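Asker:
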Ligand SMILES: Cc1ncc(C[n+]2csc(CCOP(=O)(O)OP(=O)(O)O)c2C)c(N)n1
Ligand code: SF4
Ligand SMILES: [Mg+2]
C-alpha cells in the first residue's frame, strides 16, 4: 500500500489524450472507465503496464490508456503479448480482445496462451457480434442469429468462452458485466492478483448491432431470477432456487430446494468450474458471474526465465569469452 | 601378416558419396570423414541428401540417404558435380545414385546386402554385380556386414549392434584409401558412446578392421593422397549453414548486449536453427516453440517491442503465414529478423530440396506498400556473417529484415575460418530514455535524421508511455491518422528509409578486365557460378562475376556495374525472379537462366551455358 501512496495515481492518470471514438452508449465506455478507475489500485507505475490488443471495436482500448500499448492485428494479441511477457517479467501485461478476435481468428493463440499459463490478464469483451465490421454474427452469437451475413439465421453453435478456456487448461476463469462496475472491478482485482493467465469474459453491450443482448441479466426486473453471483465460500443460489449437485449426476442443476453447493474457485479439478460454466447456455437463463476457477500452476514465463537464469548462473566468463568458446567448439584445426 | 606394398597416388581433388539406407548411418559416416579431412587441411565442401520420409521401408529407393564430400588441395566452391567414388551400402543406394557417376568411377558395394530379396525390392532382376551392367566402373565388392561381424565375433556385442558398426568398417576403409588421420574419429566414438564402453570398443574395432582390410587385402591396390590446400592462416572448423546461422544470431545477441528471443514453429529445413539456439540459453537466448508460424513471429515481435533482439526462423510456407505480422512490424518500425530457409514449392512442394523461389515473396509478398531489407548468404559459413548483418540492419534501422537462406547452404558444410570475437561488429543500440521535444513531449515517430529510425522506447521507461499500432500513424506523433497527405508522406518515408540503408557496393570479379559477359547471382548459387567462371577462365575465356548479398536495398553501384557489360546473365533456382527485378529497375536486358529441379546447379551446367553465351552472344 505504501507504494500506492507514493505513486499517487488516480483514474485520470490512466486517461490518454486520445478522443474516445466508440458509438455513444457502447458498453466499451463503461469498461474503460472501470479499468481506468481500478488501475491505481495495482500500485504499479504506469510505465510498467502494457495493454496489447487485436482488432475490433474493443481492441481500440489501448489507445485510450495512458500506459504503454500496442493495437496489433486481428487475433494475434495473445501471441504478441506472450513474447513480451516471457521476455519482460517486470511488466504487467494485459490483453484486450473481442469475441471475434479471441475466439474466431485468434482462437489458436488464445488456447495456447491459456495452456502455457502465460502471465497475461486477458479481457474478452463479448458482445456476441462483430462490431467493427458492422454487424456480422460471431462465434458467440446464439444459433439462428439473424445478421447481415446470416439473413436466414446462423447455422453454427456458439462457443461458451469459459468452457473453452477451461478445456484449454486455464488457471483463472471469470465472467463479469460491463454495467456492473463494482463487480467488474472485483474481478479485475482477482485477475491481477493471479499469477499466470487470467481469463475474464466481460459481457458487453453493442447498442448498435446487438442491443440488449444481456438485458435478461441486467434489467432489475429480471436479473434476480437469472443472475448467479459466485462468491468464494458462499452457497450458490439464484432467486428462490439453489444450485445443487444431484446424486449420480456429472453436472450441476438449478432447482427448488436441496442443498446448495458452496462455491470454491480453488478446487483443482476443473470439472467443478466446468459444470458451473454449463449452467447457462446462450439463453442466459441461469448465468453465473464472478470467479469460476482460480488455481496456481507455474507460469510459462517463470519456467522459461528460470531455464535461462540457471544457464546463465552456471556459465563462466564474459559473454565475449563464452562466444569465443562457442565458435571454437568441436573439431577445429589451425593453419599457420 | 605382411602387407603387400601399396602404390600411392597423388590426387588434387576427390568427390566421395556415401549412400545407404536411412538406418545405415551414412550422415554420420560422411560427417566423420569430413572431419578427418578437415584435420588434414584439405579444402572441403559437403552436401547431405536426406530422404523425405523419416524411416521409409528399409532397402527401398525412397529410404536412401546419402552424403557427398568434395575435398581438394586447392580452394573449392561446391560439393562437386559428380562423385568419383560411391560407397553403396545396399542395392537401393547403388540404383539411386548410379546415374550420377561418370564412367570410371569407383564403386564400393556391400555385397552382403545384395540378396535376392533386396534386389527385388528395387526392381533388379539380376544382380548388377554379376550381369556386367557395371562394366564401365571400377567395382570393389566388399562383404562389409560379414567382415564387420567377423571382426566383432569376440567382442560380446549383440549381432544387431555389430551390424550397426558396419558404417565404421566402411569409414575405416575409406580413411585408409584416402590416407585420412583417424584420431578425431576415435575420440568421437568415445564421446558418442560414453555410456556404452562395449560400443566404443566395437565401433573402434570395426573402424580398425576396415582400415586393415584396405591395407592387407589385394582388393585395393592403390592408396591416395591429397595434399593440404593453401588456406588463409587461422583456426578453422567445418560448419553447416544452419549451424553458422544460429551462431551468427548468438553473436548478434552478444555484440548487441540484448537478450535474443526466437519464436519458431518446426519446419524443414529450418528446424535445426531452433534446435541449435535452444542449447544456448546461457547467452540470454530464449527459444519458444510456438503453436504456429503466426504466433512464432508474433511472440518475436512482442519481445522486440520489449527490447529484445526478436528473431523468427522458418521456411517458405511459414513466411506466407507470417506476412501480416511482417507488415505490422513494418508499420511499427521495430527491429525483427525473419529467416527463410527456402525449399522447393509451391505448397509443401519438396521439403528436403532446394530452391530460390521465395525472393518475390521476400521483396513483395505483403499487403500494402511494405518495404523491408532482404539479404542472402552465399555459402554455409557465410550464414554466420549474414545473420550478423541482418541483425545489424534490423537494430540500426529499426526494420524487419528477411534473411533468405536455402536448403543447399543450410545443410551443406565447408571449413569456416573462425572470426575473432572482438572484430565482429559492435551492435549496441540506445533505447530512448527521455522526451525528444523541446517542450518535453515524447514523439514515438520522430526520426533520427541519419538513420531515419524512430526511437526504440521500451515499456518500463518512465515518461515515455505511448501507444503504437497497425493503423496509419501521423508523422512524428504516431497518433492515428487518416489524413491523405500524411498517408502519402508515411508510405513514401517507409520506402525511402529502406532504400537509404547504406549497403556495401557489389564487387565484380573480372580478372581479365575485358569481359563482355557478366554473370549475376544471389544467395547459394555463388559456389557453382564461381566454379563455372573459374573453369571458363582456365580455358582462356573471359567472364565477369558479381554476386548480390543485399537484395533490398540493392547496392548503389549495381546500375553502373550492369551498364559496363554487353550481356548480363542471371542464373537462379527459380523462374527468373531476380532477373525480373533487374530488368524492371535498370532497364537492362538481363538474360535469365533457370533450373527448378530441387537440385543445386552443377558447375558443369553453368559452365556449358556460360560458354555458349561468351562464344555466341
Ligand atoms: C486479417 C483480418 N481479417 C479481417 C479483419 C476485419 N475485422 C476487423 S474487426 C473484425 C471482427 C471484430 O469482432 P470482435 O472481435 O467481436 O470485436 P468487436 O468489434 O465486436 O469489439 C473483423 C472481422 C481484419 N482487421 N483483419
Ligand atoms: S459498433 Fe457496437 S461495439 Fe462497436 S463501438 Fe459501436 S456500439 Fe460499441
Ligand atoms: Mg464482438
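Chains as they are written, first to last, in UniProt numbering: chain A, 1 to 336; chain B, 1 to 617. All C-beta atoms, glycine included, are put in the ideal place defined by N, C-alpha and C. Every value quoted in this text rests on a predicted model; they were computed, and no experiment measured them.
Buried or exposed: which applies to residue 250 of chain A, given that a residue is buried once 16 or more other Cβ atoms fall within 10 Å of its Cβ?
Answerer: By the neighbour-count rule (16 or more Cβ atoms within 10 Å), residue 250 of chain A is not buried but exposed.
Asker: Does chain B have any CB closer than 8 Å to the CB of residue 31 of chain A?
Answerer: For residue 31 of chain A, the answer is no, since every Cβ of chain B falls outside 8 Å of its Cβ.
Asker: Is it the case that the CB of residue 127 of chain A approaches a heavy atom of ligand 3 more closely than 7 Å?
Answerer: Yes, the Cβ of residue 127 of chain A comes within 7 Å of a heavy atom of ligand 3.
Asker: Does any C-beta atom of chain B lie closer than 8 Å to the C-beta of residue 27 of chain A?
Answerer: Residue 27 of chain A does not count as touching chain B.
Asker: For ligand 1, I want to know if residue 132 of chain A counts as a neighbour, meaning its beta carbon is within less than 7 Å of at least one of the ligand's heavy atoms.
Answerer: Yes, ligand 1 has a heavy atom inside 7 Å of this Cβ.
Asker: Starting from residue 317 of chain B, trace the alpha helix (DSSP H) in both directions and tell me its first and last residue.
Answerer: Counting along the chain, the alpha helix (DSSP H) containing residue 317 of chain B begins and ends at 316–332.
Asker: Under 8 Å by Cβ, that's how I've got residue 88 of chain A and residue 169 of chain A pegged, so tell me the actual separation to the nearest angstrom.
Answerer: Not quite, the Cβ-Cβ distance comes to about 24 Å (not below 8 Å), so this is no contact.
Asker: Taking residue 348 of chain B as part of the alpha helix (DSSP H), name the residues at either end of that continuous run.
Answerer: Neither: residue 348 of chain B is in no alpha helix (DSSP H) and is coded neither H nor E.
Asker: Looking at chain A, which residues of the region 324–341 of chain B have a Cβ within less than 9 Å of any of its Cβ atoms?
Answerer: Those residues of the region 324–341 of chain B that come within reach of chain A (Cβ to Cβ, closer than 9 Å) are 324, 325, 327, 328, 332.
Asker: In this structure, how does DSSP classify residue 105 of chain B when only helix, strand and coil are distinguished?
Answerer: Reduced to three states, the DSSP call for residue 105 of chain B is coil.
Asker: Mind pulling the beta strand (DSSP E) runs of 3 or more residues that sit fully within the region 366–449 of chain B?
Answerer: Here the runs fully enclosed are 373–375, 400–406, 413–417.
Asker: Is any heavy atom of ligand 3 found at a distance shorter than 7 Å from the C-beta of residue 135 of chain A?
Answerer: Incorrect: residue 135 of chain A has no Cβ contact closer than 7 Å to ligand 3.
Asker: Output the boundary residues of the alpha helix (DSSP H) element that contains residue 162 of chain B.
Answerer: Run containing residue 162 of chain B: 159–164, per the alpha helix (DSSP H) assignment.
Asker: Within 10 Å of its beta-carbon, does residue 500 of chain B have 16 or more other beta-carbons around it, so buried, or fewer, so exposed?
Answerer: It counts as exposed.
Asker: According to the neighbour-count rule (16 or more other Cβ atoms, all chains shown, within 10 Å of its Cβ), is residue 321 of chain A buried or exposed?
Answerer: Exposed.
Asker: Please state the DSSP three-state secondary structure of residue 207 of chain A.
Answerer: Note: residue 207 of chain A maps to coil in three-state DSSP.
Asker: Which residue's Cα is closest to the Cα of residue 102 of chain A: A:12, A:54, A:258?
Answerer: Looking at the Cα atoms, A:54 is the closest of the given residues.
Asker: If you run the structure through DSSP and keep just helix, strand and coil, what is residue 107 of chain A?
Answerer: In this structure, residue 107 of chain A counts as helix in the three-state DSSP scheme.
Asker: Does any C-beta atom of chain A lie closer than 8 Å to the C-beta of residue 615 of chain B?
Answerer: Chain A contact via Cβ: absent.
Asker: Excluding the 5 residues preceding and the 5 following residue 121 of chain A in the sequence, name in chain order all residues of the same chain whose CB lies nearer than 6 Å to its CB.
Answerer: So the list reads 94, 191, 198, once near-sequence residues are dropped.
Asker: What in chain A is Cβ-close to residue 184 of chain B, meaning under 7 Å?
Answerer: Residues of chain A passing the Cβ test: 331.
Asker: Any beta carbon from chain A within less than 8 Å of residue 267 of chain B's own beta carbon?
Answerer: Cβ-Cβ to chain A under 8 Å: no for residue 267 of chain B.
Asker: Going along chain B, which residues have a C-beta under 9 Å from residue 264 of chain A?
Answerer: Those within 9 Å of residue 264 of chain A in chain B number zero; the least Cβ separation is about 32 Å.
Asker: Following a CB-centred definition, is residue 74 of chain A positioned closer than 7 Å to any heavy atom of ligand 1?
Answerer: Residue 74 of chain A Cβ: within cutoff of ligand 1.
Asker: Does the separation of the CB atoms of residue 42 of chain A and residue 85 of chain A fall below 8 Å?
Answerer: No, they are not a contact pair.
Asker: Scan the region 186–215 of chain A for residues whose Cβ lies nearer than 7 Å to a Cβ of chain B and list them as they occur along the chain.
Answerer: Flagged: no residues at all.
Asker: Given this structure, state the Cα-to-Cα distance separating residue 314 of chain B from residue 407 of chain B, to the nearest angstrom.
Answerer: The alpha-carbon atoms of residue 314 of chain B and residue 407 of chain B are separated by roughly 12 Å.
Asker: Rounded to whole angstroms, what is the Cα-Cα separation between residue 70 of chain A and residue 548 of chain B?
Answerer: Cα-Cα distance, rounded: 36 Å.
Asker: Helix, strand or coil: which one does DSSP assign to residue 243 of chain B?
Answerer: Residue state, collapsed to three classes: helix.
Asker: Out of B:521, B:94, B:158, point me to the one whose CA is closest to residue 140 of chain B's CA.
Answerer: It is B:94.
Asker: Excluding the five sequence neighbours on either side, which residues of its own chain have a C-beta within less than 6 Å of the C-beta of residue 39 of chain A, listed in chain order?
Answerer: 14, listed in sequence order.
Asker: So, helix, strand or coil for residue 573 of chain B, using DSSP?
Answerer: Three-state DSSP puts residue 573 of chain B in coil, outside helix and strand.
Asker: Does the Cβ of residue 56 of chain A lie closer than 7 Å to at least one heavy atom of ligand 3?
Answerer: The answer is yes for residue 56 of chain A.
Asker: I believe residue 138 of chain A touches residue 99 of chain A by the beta-carbon criterion, under 8 Å. Please report the beta-carbon distance rounded to the nearest angstrom.
Answerer: That belief holds up - the Cβ atoms of residue 138 of chain A and residue 99 of chain A are roughly 5 Å apart, short of 8 Å.
Asker: Return the CA-CA distance between residue 193 of chain B and residue 207 of chain B, expressed in angstroms with no decimal places.
Answerer: Distance between the alpha carbons of residue 193 of chain B and residue 207 of chain B is about 15 Å.
Asker: Relative to chain B, which residues along the region 64–80 of chain A have a C-beta separation below 9 Å, given in chain order?
Answerer: Per Cβ criterion, the list reads 64, 65, 66, 67, 68, 69, 70, 71, 72, 73, 74, 75, 76, 77, 78, 79, 80.
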